[in-house]
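Working notes, beginning with the structure itself.
There are 2 protein chains.
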Amino acid sequence: MSELVKATAISGFPEWLPNMRLVEEQFIDTIRRQYQLYGFTPIETAAVERLEVLLAKGEMQRQIYTVGKPEEGAERDDDKNALGLHFDLTVPLARYVAQHSEKLMFPFRRYQIQKVWRGERAQRGRYREFYQCDIDIVGRTSLDLIHDAEMPCVINSVFSKLPVPEFRVRVSNRRILSGLIEGSGLAPSQYESVLRAVDKSQHAGLEKTEAELVKEQVDASVIPAILELIQAKTMDAARQIFAKANAPVAGLDELDQVLENAVALGMPEHRLEVDFSIARGLDYYTGTIYETFIEGYEQMGSVCSGGRYDDLTSFFTKQKFPGVGVSIGLSRLLAVALEAGTVTADKHTPTQVLVTAQDRQRFLKEYLGFAKLLREAGIPTEVYHESKGLGQQFGYAATAGVRFAVIAGEQEIADKTVAVKDLSDRSQETIPRSELAGYLLAKLQA
Amino acid sequence: MSELVKATAISGFPEWLPNMRLVEEQFIDTIRRQYQLYGFTPIETAAVERLEVLLAKGEMQRQIYTVGKPEEGAERDDDKNALGLHFDLTVPLARYVAQHSEKLMFPFRRYQIQKVWRGERAQRGRYREFYQCDIDIVGRTSLDLIHDAEMPCVINSVFSKLPVPEFRVRVSNRRILSGLIEGSGLAPSQYESVLRAVDKSQHAGLEKTEAELVKEQVDASVIPAILELIQAKTMDAARQIFAKANAPVAGLDELDQVLENAVALGMPEHRLEVDFSIARGLDYYTGTIYETFIEGYEQMGSVCSGGRYDDLTSFFTKQKFPGVGVSIGLSRLLAVALEAGTVTADKHTPTQVLVTAQDRQRFLKEYLGFAKLLREAGIPTEVYHESKGLGQQFGYAATAGVRFAVIAGEQEIADKTVAVKDLSDRSQETIPRSELAGYLLAKLQA
Chain G
1 MSELVKATAI SGFPEWLPNM RLVEEQFIDT IRRQYQLYGF TPIETAAVER LEVLLAKGEM
61 QRQIYTVGKP EEGAERDDDK NALGLHFDLT VPLARYVAQH SEKLMFPFRR YQIQKVWRGE
121 RAQRGRYREF YQCDIDIVGR TSLDLIHDAE MPCVINSVFS KLPVPEFRVR VSNRRILSGL
181 IEGSGLAPSQ YESVLRAVDK SQHAGLEKTE AELVKEQVDA SVIPAILELI QAKTMDAARQ
241 IFAKANAPVA GLDELDQVLE NAVALGMPEH RLEVDFSIAR GLDYYTGTIY ETFIEGYEQM
301 GSVCSGGRYD DLTSFFTKQK FPGVGVSIGL SRLLAVALEA GTVTADKHTP TQVLVTAQDR
361 QRFLKEYLGF AKLLREAGIP TEVYHESKGL GQQFGYAATA GVRFAVIAGE QEIADKTVAV
421 KDLSDRSQET IPRSELAGYL LAKLQA
Chain Z
1001 MSELVKATAI SGFPEWLPNM RLVEEQFIDT IRRQYQLYGF TPIETAAVER LEVLLAKGEM
1061 QRQIYTVGKP EEGAERDDDK NALGLHFDLT VPLARYVAQH SEKLMFPFRR YQIQKVWRGE
1121 RAQRGRYREF YQCDIDIVGR TSLDLIHDAE MPCVINSVFS KLPVPEFRVR VSNRRILSGL
1181 IEGSGLAPSQ YESVLRAVDK SQHAGLEKTE AELVKEQVDA SVIPAILELI QAKTMDAARQ
1241 IFAKANAPVA GLDELDQVLE NAVALGMPEH RLEVDFSIAR GLDYYTGTIY ETFIEGYEQM
1301 GSVCSGGRYD DLTSFFTKQK FPGVGVSIGL SRLLAVALEA GTVTADKHTP TQVLVTAQDR
1361 QRFLKEYLGF AKLLREAGIP TEVYHESKGL GQQFGYAATA GVRFAVIAGE QEIADKTVAV
1421 KDLSDRSQET IPRSELAGYL LAKLQA
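Here it is as structure tokens:
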């Protein structure tokens, strides 16, 4: 045999042990179920896109991983066919909608839960491969503002069902800030500088933000209003600032409507917060914007963000597809839940019952029969097949996080009974074999 | 705006519309649920592995897609850090077990459902990106033969729950053929030629197989026994061939035991078939081997294959990890189910109830309230927000595959009632609003 290949991790590509993967699967199932409750339909796109698709928006900052084939290189080497791994699920959605628009029903409500890849420098909480869980509602030509109100409700439904601490959805609207600077003679190109400065204001503080706005040559007459707005905590406060500045209030009116309808749709008011200091500077949103923070873990950043965009597919088609959507950063969310201790990864298997083998030589068929019975009743079951004593078999079950052990020796087999040990409290009962499945189902559902 | 980027498919990277993705998700959920019932625990590995890991077995025939980063290329360009996309889930499992063996519980029963990538020439039913759904049981040092008996049972449980036609699991054991040629002075290197010839025998027919064996310089004294064995349909027939050839029967004994225990574990005998003509020539199996065929679609090939291997991790560690496993080729299986018509992809959304908007202007809040109510009861619900008449709203629901429409106009709102239309039979009932969720839950569960 030749030299051994070292089996080591690749930096930035995290891999869970089974106990954490079980938690991750549970998160994904919950998210998916809630997305479905709101009528979102699943799509999955290829991990690989043509590079010209990925680069359509000029997103080189996402550090795209290219994909190449060593063998057939020559035949596919031209730029048109160069491939890369997708770095988010929004560009693939745009390409998908443009490509399949004639076969989709609009408004197109889709969810998409997939890994994405970014060649960023790996650091704590920042991965090169990670899960995103997206929903978007895409209209053909137009999309009613009511859909903006659905987003906080879906976020609320998802996060209420997940084992995470209390959370808040912060909402604003890009049009508010643009309304404020509109009359001030600011060039459109400066708008982005303002957005960036506002985006950073929560970390930077007011003084630095003011300095930033001055440096970006924002009109001196607008700066006080911007700084006031960033600090405003209510719609009323914002309206007063706008009245003073004599600025157009279309953005505030939109936000009002979104808030009102979100509450009608079931969004609890205490989890919905206007926050004029969020701006989502680098993204291409045009209206409502969202960020979600876990209370006590605000410094870890938003765990679910998104917004309204006027035209999803402008790089692919001249038809207009406006949309609104949010994306849950599952990896970051899991990190928060772990740090907060709201998830305990103490199960290493989905198995709920271990059929122990007291006398495998004589009774193997019976043990296999118990497993068959329990699986038919829908109970995840394992049979112990190592040559170990009963004590070690219980130990295996306890370590793996399996709650029940089924035991049958000579006596039980003769009596057509089984003993069931509950490892959570070490209690044990002997019951007729015919009642085994029903007994365990009742225990597990209690 | 600059030139538009064309949104087109990449050959070999299939992408479903929502109706098919709904079916695919349903298949995956069923497979996963059955895997869990047998105590398999989930893992997911990074899509990307180091090239030296992927090439450890010299599997260049799998046409590996390489992964590179245009920006930081220089720093990672050395061979040790070159990356590629995984082409199956077995090599990643081997690397995972070798890397994490100290933290895993053995026997390690894992399932893994992920996409894999192969740079093969695209053709009908052969994709470059596709799903595999694997289970393996990996022992440390040793693994009891009983685990070989579990595989057909899991396959049976999975396929019984899936909307696919009747199926059969064919089983053999690599040791049978090697027992037959062992005493015949055949060189070990010739064993692979025999395996390949046997593998092709079902398509090639007996005459061509004989010619092939002659061409491969298989000992003339063994060829008649091999040809007889390929045609044998029972264990008895095989034992007679072995008695005549005076060959060792260890392989037959193992197979006998696997068959017997599989039946004890619940495998229906009529779906379990010995088939000495399967050999799985290219894979590294050392004992039991499995192939699964859908009745009437045998020509589409095996939809679930696998086997026992003596040592999973020999390329990564000197510790011994024997294992047994099977892999469902989900994409091929879906293709068979579609061709057989056992799946009908007639739903475009998980939504089960559409809340129609008869008078959106006045009653939007009520409509949103209905949706809230139904979602809280766990019923996937959508509210219609386009400005269209009721007839078009029913049409939307019918096309999307949504069964129920909830209707409320002035009269219903005043009476605190709602009308519910069942689009499957066009029937309609008016009920008190307070009974809406219960009424629909009962209808949906009926």
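Going down the list, the protein sequences come from chains G and Z.
Residue 88 in this note's numbering is what sits at position 88 of the first sequence, and the numbering runs on without skipping anything.
Convert by adding 1000 to the 1-based position in the second sequence; the result is the number in this note's numbering.
Beta carbons are placed, not taken as given, at the ideal position from N, Cα and C, and that holds for glycine.
It should be emphasised that the depicted structure is a prediction, and the values quoted were computed from it without experimental measurement.
Could you have a look at residue i and say whether DSSP puts it in helix, strand or coil?
i          : result
Lys208(G)  : helix
Thr1090(Z) : helix
Glu1044(Z) : coil
Thr399(G)  : helix
Leu333(G)  : helix
Ala1148(Z) : Sequence check: residue 1148(Z) is Asp here, not Ala. Reduced to three states, the DSSP call for Asp1148(Z) is helix.
Asn1173(Z) : strand
Val249(G)  : coil
Pro380(G)  : coil
Glu25(G)   : helix
Tyr191(G)  : helix
Leu1004(Z) : coil
Thr30(G)   : helix
Pro322(G)  : coil
Ser1221(Z) : coil
Cutting at 7 Å between CB atoms, please list the residues of its own chain near residue i, excluding the five before and the five after it.
i          : result
Asp310(G)  : Thr286, Pro322
Ile1413(Z) : Phe1363, Glu1366
Ala47(G)   : Leu85, His86
Does the beta carbon of residue i come closer than 9 Å to any beta carbon on chain Z?
i         : result
Thr356(G) : no
Ser157(G) : yes
Phe13(G)  : yes
Leu93(G)  : no
Ala232(G) : no
At 8 Å on the CB atoms, spell out the chain C contacts of residue i, in chain order.
i          : result
Asp1144(Z) : Checking the listed chains, one finds no chain C in this structure; the protein chains it contains are G and Z.
Counting only the same chain and skipping the five closest in sequence on each side, list residues whose C-beta sits under 6 Å from that of residue i.
i          : result
Arg76(G)   : Because Arg76(G) carries a pLDDT of 48, less than 50, the predicted location of this residue cannot be relied on, and no value is offered for it.
Val158(G)  : Ile31, Gln34
Gly1266(Z) : Cys1153
Pro350(G)  : Pro380
Ser193(G)  : Glu216
Gly329(G)  : Val303
Closest Cβ-Cβ distance between residue i and chain G: below 9 Å?
i          : result
Ala1337(Z) : no
Val1005(Z) : yes
Tyr1396(Z) : yes
Ala1009(Z) : yes
Leu1207(Z) : Looking at the sequence provided, one finds Glu at residue 1207(Z) rather than Leu. It does not: the Cβ of Glu1207(Z) has no partner Cβ on chain G nearer than 9 Å.
Tyr970(Z)  : A query on residue 970(Z) cannot be resolved here, the shown segment of chain Z reaching from 1001 to 1446 and no further.
Val1171(Z) : no
Thr1090(Z) : no
Pro1152(Z) : no
Can you find the residues in the same chain that come closer than 8 Å, C-beta to C-beta, to residue i, ignoring five residues on each side of it along the sequence?
i         : result
Gly73(G)  : With a pLDDT of 46 at Gly73(G), under the threshold of 50, the modelled position of this residue cannot be trusted, and the question is left open.
Arg426(G) : none
Glu295(G) : Pro165, Glu166, Phe167, Arg168
Listed in chain order, which residues of the stretch 1037 to 1059 of chain Z have Cβ atoms closer than 8 Å to some Cβ of chain G?
-> Contacts with chain G (Cβ-Cβ distance below 8 Å) from the stretch 1037 to 1059 of chain Z involve Leu1037, Tyr1038, Gly1039, Phe1040, Thr1041, Pro1042, Ile1043, Glu1044, Thr1045, Ala1046, Ala1047, Val1048, Glu1049, Arg1050, Glu1052, Val1053, Ala1056, listed in chain order.
Chain G contacts from the stretch 1263 to 1282 of chain Z (Cβ-Cβ distance under 7 Å) | Flagged, chain order: Ala1264, Leu1265, Gly1266.
Under 8 Å (Cβ pairs) to chain Z, residues found in the stretch 99 to 126 of chain G = Residues are counted here when their Cβ sits less than 8 Å from a Cβ of chain Z; for the stretch 99 to 126 of chain G these are Gln99, His100, Lys103, Leu104, Met105, Pro107, Arg109, Arg110, Lys115, Trp117, Gly119, given in chain order.
Decide yes or no for the touch test of the stretch 165 to 177 of chain G against the stretch 206 to 219 of chain G: beta carbon pairs closer than 8 Å, at least 3 of them.
-> No: fewer than three Cβ pairs fall under 8 Å.
Short-range partners of chain Z found in the stretch 338 to 350 of chain G, where Cβ spacing is below 9 Å | Within the stretch 338 to 350 of chain G, the qualifying residues are Lys347, His348, Thr349, Pro350.
What residues in the stretch 415 to 433 of chain G have a beta carbon less than 9 Å from any beta carbon of chain Z?
-> Contacts with chain Z (Cβ-Cβ distance below 9 Å) from the stretch 415 to 433 of chain G involve no residue at all.
Do the stretch 418 to 438 of chain G and the stretch 13 to 23 of chain G make contact, defined as three or more Cβ pairs closer than 8 Å?
-> Between the stretch 418 to 438 of chain G and the stretch 13 to 23 of chain G, the count of C-beta pairs closer than 8 Å stays below three; the two stretches do not touch.
Residues of the stretch 295 to 328 of chain G with a CB closer than 9 Å to any CB of chain Z: list them in chain order, please.
-> Listed by position, the residues of the stretch 295 to 328 of chain G near chain Z (Cβ gap below 9 Å) are Thr313, Ser314, Phe315, Phe316, Thr317, Lys318.
Do the stretch 16 to 30 of chain G and the stretch 333 to 350 of chain G touch if we need at least three Cβ pairs shorter than 8 Å?
-> A contact between stretches requires three or more CB pairs, one per stretch, nearer than 8 Å, and the stretch 16 to 30 of chain G meets this requirement with the stretch 333 to 350 of chain G.
Count the C-beta pairs between the stretch 296 to 308 of chain G and the stretch 101 to 108 of chain G that are closer than 8 Å, then say yes if the count reaches three, no if not.
-> As far as the Cβ criterion goes, the stretch 296 to 308 of chain G does not touch the stretch 101 to 108 of chain G, which means the pair count is below three.
Can at least three beta-carbon pairs, one atom from the stretch 1170 to 1177 of chain Z and one from the stretch 1252 to 1261 of chain Z, be found at a separation below 8 Å?
-> In short, these stretches touch, since the Cβ pair count reaches three.
Scan the stretch 1189 to 1204 of chain Z for residues whose Cβ lies nearer than 8 Å to a Cβ of chain G and list them as they occur along the chain.
-> Taking 8 Å as the Cβ-Cβ cut-off against chain G, none of the residues of the stretch 1189 to 1204 of chain Z qualify.
Given 8 Å as the limit, is there contact between the stretch 216 to 232 of chain G and the stretch 269 to 280 of chain G, that is, 3 or more CB pairs closer than that?
-> The stretch 216 to 232 of chain G vs the stretch 269 to 280 of chain G: in contact.
Cβ pair count under 8 Å reaching 3, the stretch 138 to 152 of chain G against the stretch 237 to 251 of chain G | They do not touch, by the three-pair rule.
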